[in-house]
Every structure is written in structure tokens, then in C-alpha cells.
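Before any comments, here is the structure.
Residue numbers (the UniProt record's numbering): 1 to 245.
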């Protein structure tokens, strides 16, 4: 990339976002099986929509786990305990479709089997990312600031300091760079589920003063920084809805 000024944007989603709900359920199923059988092979996918969690996959394991119990416990830990906000761990439907691992994949990961010993399953993937000295985590500044906003949001929700907050939330941070060095935060987006009786002005003030300004260094914010708080033209998924894999 050439020197000069450019913008870089990253986003983060909360534990209550449908993407993360699905991920946490799949991870919990995997963890439960590995706890009983460290040699378990678990291909688990979860789909969630309002009031329903669907778990499907192919497993090779000696473990005996209760998947509906795992699903409900995970949803409870996330904070969904009221059907009026889209999900209730007590009443949501849990559907499972579990089969045995494909023999072709099994022979690829079973020691001593397959055309080539220890060949692996042959899965392929592409990723984008890089390490840098923007942050102590060696991650680019935009993604770390977006993560910190979501972490602060969770702290305020779980502690009860902001009682109107609900689990689903999303953040997006755009950082302005000059000659590959971050110089300021250009735009911050925060969108969150909330109780129906809270005023927009309250949400906006709290998200800026109690969340954004608590985690983004003051020297990166200025009077030109743009804030989009729960603006439907920016993010329209404030309430948990739709099918997300």
C-alpha cells in the first residue's frame, strides 16, 4: 500500500449476536465431547433464529452428551432468558440432526489409514490478516478498538449498571492512517439491543460516554469523529432475527 492517508474499518459483534450465539453453542458441544473423549472428532454447525436453535453435524466420539442441555445452558450464560427479547433458554426449541463422520474424512484423519499416512482431511481455507505493532496484542488498531467496545458493553450489561442493555450488539471502528500509522478515529458505530422504554438520547449518551470514550484513547478522538449510535440506516439488525449459520 502506498504512503499517504487512508481509512481502515473493522467490526466486532457481541456474545448475543446470532453469529456468536451459534459459534458458542457449537464450541460448547465440542468442549463437552472432548472432556469425555479427547480423541473426539466433531464437525458441528449451529443455526439460530427467533426461539429456535438447530444443531447439526457429524461426530466420531465415545462421549455421551446431552446436546439440548448444552444448548440451553449456553444460551442462559449469554443472557437470553426472556422470550420477549427473541430468545429464552427455558422455552426455545432445540432441534438436532447428528450423524456419523464420513468414512472418507475419517480415513484421512485416522492414524495409519488413507492413501497417504497422516495425510489429514484435506480441508482448505483462505484467511486475511496480519500482525503489526499498532497494539500490544499485535493486531490492527481498528479491530482491537471494536473488540474493546463490545467487551465494555458486556461489562455494563452483566454488571447491571446499564439495565436496559440486552445481549445483541455490534461495533464498527474506522481509523485514519497516515503513512501506515494510526492518527485518529474517523468513525465509530455502536448498535445494541435495548429495553423498549429507554429513550434514544439516553442510549446515545451512554454508548459514547460510558463505552466509546472509556476504551478509545482520548488522543484518537476529536471534534470531527463521527458517531453512529443505533441508527437503522447504518445497522438494521438491532433485534435478534433472521437465520444465521
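Don't be surprised by glycine CBs; every beta carbon is placed ideally from N, CA and C.
In terms of residues, what are the limits of the beta strand (DSSP E) holding residue 91?
That residue, residue 91, is in no beta strand (DSSP E); it is neither H nor E in DSSP.
What is the residue span of the beta strand (DSSP E) that residue 40 lies within?
Here residue 40 belongs to no beta strand (DSSP E), and DSSP marks it neither H nor E.
Would you decide whether residue 236 is buried or exposed? Buried here means 16 or more other CB atoms lie within 10 Å of its CB.
Annotation note: pLDDT 38 at residue 236 (below 50); position unreliable, coordinate value reported separately. Flag for residue 236 reads exposed.
Can the beta-carbon of residue 227 be found less than 8 Å from the beta-carbon of residue 194?
no
If you scan the UniProt domain "S-adenosylmethionine synthetase central" (118 to 231) from start to end, which runs of the alpha helix (DSSP H) of 4 or more residues do you find wholly inside it?
141 to 159 and 200 to 206
What did DSSP end up calling residue 10 once you bin it into helix, strand or coil?
strand
Are the beta-carbon atoms of residue 8 and residue 217 separated by less than 8 Å?
no
Report the rounded CA-to-CA distance for residue 197 versus residue 85, giving the unit in angstroms.
13 Å
Could you give the first and the last residue of the continuous beta strand (DSSP E) run that contains residue 52?
52 to 60
Sort 153, 166 and 221 by Cα distance to residue 188 and report the nearest one.
221
Touching by the beta-carbon criterion (3+ pairs, under 8 Å), the region 157 to 171 and the region 64 to 82
yes
Thinking residue 40 and residue 63 are a contact (beta carbons under 8 Å), I'd like their distance in whole angstroms, please.
6 Å
Going by DSSP, what residues sit across from residue 5 in a beta bridge?
178
In whole angstroms, what separates the C-alpha of residue 116 from that of residue 43?
Its pLDDT being 49, under 50, residue 116 is placed unreliably by the model, and nothing is read from it.
Neighbourhood of residue 30 by C-beta distance below 7 Å, restricted to the same chain and skipping five residues each side
42 and 44
Nearest-angstrom Cα distance between residue 70 and residue 60?
18 Å
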